[in-house]
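Chains as they are written, first to last, in numbering that gives the first Met the number 0: chain P, 0 to 320; chain H, 0 to 316. Inspection log for the structure reproduced underneath, given as structure tokens.
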Amino acid sequence: MSALLEVDDLRVTFGGTAAVRGISLTVEKGETHCLVGESGCGKSVTSLAVMGLLAKGGKREAARLSFAGDDIRYYDEKQMSRLRGDRMAMIFQEPMTSLNPAYTVGSQMTEVLRRHRGTPRAQAVDRAVELLTRVGITAPGLRLGQFPHQLSGGLRQRVMIAMALMCDPELLIADEPTTALDVTVQAQILRLLAELQKDLGLGILLITHDLGIVARVADRVSVMYAGEVVESAPTAELFRAPRHPYTRGLLSCVPVPGKVKRDEPLGSIPGVVPRIPPGFIGCAFRDRCSFAEAACAGPLPRRNVGPAHEMLCILPEGAGA
Amino acid sequence: MSTPAIEVRGLRREFRASQGLFAPPRRVVAVDDVSFSVPAGSVLGVVGESGCGKTTLARMILGLLEPSGGEVLVDGKRLEGMDRRARARLIQPVFQDPFSSLNPRRRVRDIIAMPLVAQGNVTTSEIDRRVAESLERVGLSTEQGTRFPSQLSGGQRQRVAIARALVLRPRIVVCDEPTSALDVSVQAQILNLLAELRRDLGLTYLFISHNLAVVEHVASEVAVMYLGRIVEKRESEALFRDPRHPYTRALLDSVLTPEPGLGVPDVGLGDIMPDPANIPSGCRFHPRCPACFAPCAATTPRITSLEDGLVECHLAG
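Okay, here's the thing in structure tokens:
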């Protein structure tokens, strides 16, 4: 039985920049796989490449890219657009820019069903009302007639989620779905996603920079740096025994309430994410890594360092811990 | 007792929100009768959800927005009627977004020099010296001073914004979400820099953030705002150890710490969102409060003084 989404050795280049450099990951039915990393690490490009939504000039290559067992590498635009919004749905970070300001919530929601399934309008409206209720929106009838600007940020994000669910998708790709929201609303939205996943058996590819979110919702985590997955493990394993120096640095930067000491410096990673030219060899983190040595400039092995725990680093076990 | 760096008395600000072409505008009270003082050399953190009035408060303290009532004293002086240049020497802002708060067509060193130039009485050589000093303070090189903002990373741009705020050697800096637009690793660098500058220069910060963990890291005292009111203000350690207001507790519980296996908490706030144009009767938090009881909807709670701060809740009375 193949996974819901299988990505093997995905590469994306934009002109002279290699944005994604050989990423492999899978999302099983009912599983949440988190892609975590800082801005510019290629996590959003990865999700766009999977959906076939790369901006002009982006070139995609992959050894395998399959959805529910079907190879979608050579799907044309028509086949992809049939898939998107139907069996493969998306939620983006900014609900204000991803909802059309000129149409009501109702017309945008029903359009999804009418386009993909040819569902009659009345039935589509019923489904929209049902889903708005499902995502915890009171007075769904009223909301259907409203425009996006009349809704608060939390409501808009709920509308986005409801819209993504219109066609009963199997895979949900969520790119920073709660980043623009208040912490209180963020908790509500993430609870909702977890509930929906349990009820509907959704596979979720969640893209975030927030390790707090990762710890609380992910089944599996892939840490991205400069277009590569540098470490990948089941969530509990990754937080219990982070191995890659970048993962460890990232974890030390996060202030944890109740554990921070005032006036004591936080951990930080010196320097900035480098721009990687095509053909780059070796570890992209080596200039910022305190354990770097000469061998880091050579080809790196992807090694197993624990149960289902892989990393892209030559650092031996126990070093620098 | 020395003069507080910032003192705010009965501060209030109303806006008129248009409801459409023919409907009468609604009154929105963004900050409602807020009083507090910040001792020199300390850091007051202000937290709350979007729309709670924290940025409006900051803008009034900076003198960028006129209060509808009450007064602001900065270093013991009334802001009203103060000369803009004198005000700039006293208090300076650092804003959230280093992408839009820096002029993209000017070089970094000119951006940093601008407050000095605006003073009008500083010589060119003095400006050069002070700009170089500021650049060094925030960890930027002279060469980076010759670049344009677009050639710098987000963290470097925020360093430029901090250098610009410091070039007049102010006593007080208002930081409005200074790290919200940054990555965690860069956020840590900037927070460490701000802490170091405060220690070395004896600065006072008003530090606004929606990230409680960040506030806990930097603030000596924390004010929690809800719909224009400060509902709890405590010494930082006490607030995080033993929050007294149900809203503070909900905010703290909403923070997702990187601890796997705990799942996402249900903080019990319900689905009603706060609306500053429609402030509930009695305690303004009561429609969302998990601990709401009989008097909450009817009576406005009084401020209860605690050993280490104050709280505005019927349960604390």
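Beta carbons: idealized from backbone N, C-alpha and C, even for Gly. The structure displayed is predicted, hence computed values, not measured ones.
In chain H, what lies closer than 7 Å to residue i by C-beta?
i, result
"Ala-235 of chain P", "Pro-259 and Gly-260"
"Arg-190 of chain P", "Val-263 and Asp-265"
"Phe-284 of chain P", "Those within 7 Å of Phe-284 of chain P in chain H number zero; the least Cβ separation is about 12 Å."
Thinking C-alpha only, which one of the options is nearest residue i?
i, options, result
"Pro-97 of chain H", "H:Arg-8, H:Val-230 and H:Gln-155", "H:Gln-155"
"Arg-88 of chain H", "H:Ser-99, H:Gln-118 and H:Arg-77", "H:Gln-118"
"Met-165 of chain P", "P:Val-182, P:Thr-178 and P:Leu-112", "P:Leu-112"
"Gly-117 of chain P", "P:Glu-5, P:Pro-254, P:Glu-93 and P:Arg-81", "P:Arg-81"
"Asp-70 of chain P", "P:Gly-57, P:Lys-55 and P:Gly-51", "P:Gly-51"
"Asp-174 of chain P", "P:His-208, P:Glu-316, P:Gly-153 and P:Arg-155", "P:His-208"
"Ser-253 of chain H", "P:Ile-268, P:Asp-181 and P:Phe-284", "P:Asp-181"
"Glu-316 of chain P", "P:Leu-205, P:Thr-31 and P:Pro-241", "P:Pro-241"
"Leu-210 of chain P", "P:Gly-202, P:Arg-247 and P:Leu-199", "P:Arg-247"
"Leu-199 of chain P", "P:Val-6, P:Ile-212, P:Lys-28 and P:Thr-183", "P:Lys-28"
"Tyr-204 of chain H", "H:Asp-175, H:Gly-153, H:Arg-136 and H:Ile-171", "H:Ile-171"
"Ser-99 of chain H", "H:Ala-160, H:Ala-194, H:Gly-308 and H:Leu-196", "H:Ala-160"
"Glu-176 of chain H", "H:Ala-57, H:Pro-300 and H:Thr-2", "H:Ala-57"
"Tyr-224 of chain P", "P:Leu-3, P:Gly-21, P:Asp-7 and P:Leu-4", "P:Gly-21"
"Arg-240 of chain H", "H:Leu-226, H:Ile-229, H:Met-224 and H:Ala-212", "H:Ala-212"
"Arg-274 of chain P", "P:Val-6, P:Thr-16 and P:Glu-5", "P:Thr-16"
"Leu-72 of chain H", "H:Leu-10, H:Pro-257, H:Ser-140 and H:His-244", "H:Leu-10"
"Thr-25 of chain P", "P:Arg-126, P:Glu-5, P:Met-79 and P:Glu-129", "P:Glu-5"
Once you ignore the five residues that flank residue i on each side, which residues in its own chain have a CB closer than 6 Å to its CB?
i, result
"Val-104 of chain P", "Arg-142, Leu-143, Gln-145 and Val-158"
"Val-44 of chain P", "Val-11, Ala-18 and Val-19"
"His-243 of chain P", "Val-229, Glu-230, Met-310 and Cys-312"
"Gly-84 of chain P", "Val-111"
"Thr-55 of chain H", "Arg-12, Ala-29 and Val-30"
"Gly-44 of chain H", "Phe-206, Val-214, Ala-218 and Val-221"
"Thr-178 of chain P", "Gln-92"
"Pro-92 of chain H", "Leu-61 and Val-173"
"Ala-217 of chain P", "Thr-31, Cys-33 and Thr-234"
"Arg-86 of chain P", "Pro-168 and Glu-169"
"Phe-94 of chain H", "Ser-100 and Asp-175"
"Arg-104 of chain H", "none"
"His-244 of chain H", "Val-230, Glu-231, Val-310 and Cys-312"
Run down chain P in chain order and give the residues with a C-beta less than 9 Å from the C-beta of residue i.
i, result
"Glu-176 of chain H", "Result: empty, since nearest Cβ-Cβ is about 12 Å, beyond 9 Å."
"Glu-135 of chain H", "What Glu-135 of chain H touches in chain P: nothing, since even the nearest Cβ is about 17 Å away."
Just to confirm my understanding: we take residue i, look at its own chain, exclude 5 residues before and 5 after, and list those with CB closer than 7 Å. What are they?
i, result
"Ser-97 of chain P", "Phe-91 and Met-159"
"Gly-138 of chain H", "Arg-158 and Leu-192"
"Gln-107 of chain P", "Leu-98, Asn-99 and Met-162"
"Gly-47 of chain H", "Lys-53, Val-223, Met-224 and Tyr-225"
Whose Cβ in chain P lies nearer than 7 Å to the Cβ of residue i?
i, result
"Ser-184 of chain H", "Glu-37, Gly-248, Leu-249, Cys-252, Ser-267 and Ile-268"
"Met-272 of chain H", "Ser-151 and Gly-153"
"Ser-152 of chain H", "Val-271"
"Leu-211 of chain H", "Pro-256"
So which residues on chain P does residue i lean against when the C-beta distance must stay under 8 Å?
i, result
"Ala-249 of chain H", "Thr-183"
"Leu-268 of chain H", "Thr-183 and Gln-187"
"Ser-49 of chain H", "Gly-152 and Asp-181"
Can you check whether the C-beta of residue i is within less than 8 Å of a C-beta belonging to chain A?
i, result
"His-285 of chain H", "Note that chain A does not occur in the displayed structure, where the protein chains are P and H."
Which residues in the same chain as residue i place their Cβ atom closer than 8 Å to its Cβ, once the five residues preceding and following it in sequence are excluded?
i, result
"Ile-268 of chain P", "Tyr-245, Gly-248, Leu-249, Cys-252 and Arg-287"
"Gly-36 of chain P", "Lys-42, His-208, Val-222, Met-223 and Tyr-224"
"Leu-322 of chain P", "One cannot answer for residue 322 of chain P here, as it falls past the ends of chain P, which runs 0 to 320."
So which residues of chain H does residue i contact, with C-beta pairs closer than 8 Å?
i, result
"Ile-212 of chain P", "Leu-255"
"Phe-91 of chain P", "What Phe-91 of chain P touches in chain H: nothing, since even the nearest Cβ is about 18 Å away."
"His-208 of chain P", "Asp-182 and Val-183"
"Ala-193 of chain P", "Gly-262 and Val-263"
Give me the chain H residues within the contact set of residue i, using Cβ-Cβ distance strictly less than 9 Å, ordered along the chain.
i, result
"Arg-215 of chain P", "Leu-255, Thr-256, Pro-257, Glu-258, Pro-259, Gly-260, Leu-261, Gly-262, Val-263 and Pro-264"
"Val-135 of chain P", "Looking at the sequence shown, residue 135 of chain P is not Val but Gly. Residues of chain H passing the Cβ test: Asp-270."
"Pro-264 of chain P", "Ala-187, Leu-190, Asn-191, Ala-194 and Glu-195"
Evaluate contact between the region 135-155 of chain H and the region 57-74 of chain H, counting only Cβ atoms and requiring at least three cross-stretch pairs below 8 Å.
-> no
Inside the region 189-225 of chain H only - beta strand (DSSP E) runs reaching at least 3 residues | 203-207 and 220-225
Mind the definition here: the region 70-84 of chain H touches the region 267-279 of chain H only if three or more C-beta pairs lie below 8 Å; say whether that holds.
-> no
Please list the segments of the beta strand (DSSP E) lying wholly inside the region 105-183 of chain H, counting only runs of 3 or more residues, in order along the chain.
-> 171-175
Beta strand (DSSP E) runs wholly inside the region 177-260 of chain P, at least 3 long, in chain order | 202-207, 219-224 and 227-233
Touching or not, the region 237-251 of chain P and the region 54-69 of chain P, by the rule of three or more beta carbon pairs under 8 Å?
-> no
Decide yes or no for the touch test of the region 174-191 of chain P against the region 256-269 of chain H: beta carbon pairs closer than 8 Å, at least 3 of them.
-> yes
Is the region 98-115 of chain H close to the region 23-42 of chain H, with three or more CB pairs under 8 Å?
-> no
Is there contact between the region 175-182 of chain H and the region 129-138 of chain H, where contact requires at least three CB pairs shorter than 8 Å?
-> no
Could you pull out every unbroken beta strand (DSSP E) segment of at least 3 residues lying fully inside the region 46-81 of chain H, listed in chain order?
-> 68-73
Alpha helix (DSSP H) runs contained entirely in the region 96-183 of chain P, provided each spans 4 or more residues | 104-116, 120-133, 139-143 and 152-163
Write down every uninterrupted run of the beta strand (DSSP E) in the region 46-70 of chain P whose length is 3 residues or greater and which is fully enclosed by it, in chain order.
-> 57-60 and 63-66
Identify every run of the beta strand (DSSP E) within the region 5-35 of chain P, keeping only runs that are complete inside it and at least 3 residues long; order them along the chain.
-> 16-26 and 31-35
Every unbroken alpha helix (DSSP H) inside the region 242-308 of chain H [4 residues or more] = 245-253
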